[in-house]
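Everything below concerns the one structure shown next.
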Amino acid sequence: MSKTSNIEFKRLGAHLGAEVSGADLTAALSHKDRQAIHDALMEHEVLVFPEIDITVEQQAAFAKQFGEFSVHPFSPNAEELPELIILDNDGDSPPLATDVWHSDETFREAPPMGTILRARVLPDIGGDTVFASMTAAYDGLSSRWQNFLSGLEAVHDFKPFRRLFIGADEKRRATLHRMEIEYPNPSHPVVRVHPVTGRKAIFVNPQFTLHIKGMTETESEAVLSMLYQLTGTPEYQFRVGWKLGTMVFWDNRSTQHYAARDYLPQRRRMERFTLKGDKVLGADDAMAGAGSAAALNAKPEARQKADGEAYSAATSVRQFERDTAAGD
Ligand SMILES: O=C(O)CCC(=O)C(=O)O
Ligand SMILES: [Fe+2]
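Letter by letter, the sequence shown follows residues 4 to 331 in the working numbering.
In structure tokens:
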């Protein structure tokens, strides 16, 4: 299907990142173009649309073709369009904790599947965003570590956003209390199975992860600090140097990112739409769905694929991904 699309993808990084050309984003995508972009996102994990000339409404319309919008409970958003997050920063208004490695909103029970960010105002120098492939990071671990991590779960929290409420008046403290009820700490598998590709990815991050369940604090810190070092490994990274109008679509399930704040006090404005995702499942959940001895006995690559198939069977995937899977 996607072979007949005119859109082209040029791989930019060893493990992730591709540049997209030939896509008209000012109009609705054809089914085959939408499929081609989705397939490429699964394969390359981060897609860069360089210097495209679209309105924010067109960016929203593009995003909506790949899933349902998610509204961020803490980030600054546009009043008239709450799905639009505006990251407008300068010396008087520095960014809030985006210069910490993370995948978006893992404090949710079901974190987003993807994010679509576009550059609207850029500093003269700096302000790059660095991505890391967490599937490559997982694949690079020894089988001893892979086995050790299997089945572990970590607790996540909206911790960087708690600072918004420090010293707050009674009304804002009540808001914090309401948020704590609405977003109780979820536990996610430390290794997640990607719902579409079946690849395994490290799914802990220093922005939102608190600790690993069933370990002492010292043990948990040691394991987490080892895993946090993986994002800093240059081999797993891909760096986006933004130009005005550049739009990036990343798969939030297989990557993490870090926005360099080396441009202050200059101004940088980014506009973002976020797409809802599913509950995070690990290999055990996927296997429970399959119940398949054949999958367990399969070779590693085949097993990863089997995990993905089992996962898809065991959980609800977003409508778009279900539709396209059915169309294959
Ligand atoms: O400003 C950026 O480049 C990325 C900020 C960020 O973490 C996000 O939009 O999710
Ligand atoms: Fe982010």
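Note that CB positions come from ideal geometry on N, CA and C, so glycine has one too.
Owing to the predicted nature of the structure, the values given are computational and were not obtained by experimental measurement.
Nearest neighbour of residue i, chosen from the options [CA to CA]
i, options, result
"Trp104", "Glu60, Phe69, Tyr266, Leu233", "Leu233"
"Lys13", "Leu167, Phe52, Thr118", "Phe52"
"Ala81", "Glu60, Lys67, Lys162", "Glu60"
"His260", "Val23, Phe211, Phe168, Val74", "Phe211"
"Val226", "Glu54, Val283, Pro114, Phe151", "Phe151"
"Gly2", "Ile57, Gly154, Gly235, Arg147", "No answer is possible for residue 2: it lies beyond the span of the chain, which begins at 4 and ends at 331."
"Glu274", "Val194, Arg166, Leu28, Asn92", "Asn92"
"Ile10", "Ser33, Phe168, Ile57", "Ser33"
"Met229", "Leu179, Gln149, Glu46", "Gln149"
"Thr7", "Val23, Lys35, Ile215", "Lys35"
"Phe110", "Gly129, His159, Ala66", "His159"
"Ser190", "Gly170, Ile215, Glu173", "Ile215"
"His75", "Pro209, Asp288, Met182", "Met182"
"Leu213", "Lys67, Pro163, Glu22", "Pro163"
"Ala66", "Glu173, Arg176, His41", "His41"
Nearest-angstrom Cβ-Cβ length linking residue i and residue j, presumed shorter than 8 Å
i, j, result
"Ala286", "Val207", "Actually they do not touch by this definition, with Cβ atoms about 15 Å apart."
"Met137", "Thr258", "6 Å"
"Asp107", "Asn255", "5 Å"
"Val194", "Ile205", "6 Å"
"Val243", "Pro114", "Not quite, the Cβ-Cβ distance comes to about 21 Å (not below 8 Å), so this is no contact."
"Pro97", "Ala262", "At roughly 11 Å, the Cβ-Cβ gap does not stay under 8 Å, so Pro97 and Ala262 are not in contact."
Coarse secondary structure for residue i, derived from DSSP in three states
i, result
"Lys35", "helix"
"Pro303", "The predicted position of Pro303 is uncertain, since its pLDDT is 41 and thus under 50; a value taken from the coordinates is nonetheless stated next. Helix, per DSSP."
"Tyr266", "coil"
"Arg111", "coil"
"Asp160", "coil"
"Tyr239", "helix"
"Lys13", "strand"
"Arg202", "coil"
"Trp253", "strand"
"Ile119", "strand"
"Thr402", "Outside the displayed span of the chain (4 to 331) sits residue 402, for which this structure offers no information."
"Arg18", "For clarity, residue 18 is His in the given sequence; the question names Arg instead. Coil."
"Asp56", "coil"
"Ala297", "Only weak support exists for where Ala297 lies, its pLDDT of 38 falling under 50; the value from the coordinates is given anyway. Helix, per DSSP."
"Leu28", "coil"
"Thr101", "coil"
"Gln61", "helix"
"Asn188", "coil"
"Gln149", "helix"
"Val226", "helix"
"Ile40", "helix"
"His75", "coil"
"Met273", "strand"
"Leu179", "helix"
"Leu167", "helix"
"Thr219", "coil"
"Glu82", "coil"
Contact check, residue i vs residue j, beta carbons under 9 Å
i, j, result
"Glu238", "Ala100", "no"
"Leu44", "Phe72", "no"
"Ala26", "Ala64", "no"
"Met192", "Asp281", "Residue 192 is actually Pro in this sequence, not Met. Taking 9 Å as the Cβ cut-off, Pro192 and Asp281 do not qualify as a contacting pair."
"Phe276", "Phe161", "no"
"Arg272", "Asp102", "no"
"Val133", "Phe241", "yes"
"His18", "Glu54", "no"
"Tyr266", "Pro79", "no"
"Ala135", "Thr200", "no"
"Thr118", "Leu15", "no"
"Arg202", "Leu179", "no"
"Leu28", "Gln62", "yes"
"Gly1", "Gln269", "As displayed, the chain neither begins before 4 nor continues past 331, which places residue 1 out of reach and without an answer."
Any C-beta of chain D under 9 Å from that of residue i
i, result
"Val158", "No chain D is part of this structure, which consists of one protein chain only."
Taking contact to mean at least 3 C-beta pairs separated by less than 8 Å, is the region 113-124 in contact with the region 136-144?
Too few Cβ pairs lie closer than 8 Å, so no.
Evaluate the contact criterion for the region 215-224 versus the region 81-101: three or more CB pairs, one atom per stretch, below 8 Å.
Three or more beta-carbon pairs separated by less than 8 Å are not found between the region 215-224 and the region 81-101, which leaves the two stretches without contact.
How do the region 170-188 and the region 240-250 stand: do at least 3 beta-carbon pairs fall below 8 Å, yes or no?
Result no; under three Cβ-Cβ pairs closer than 8 Å.
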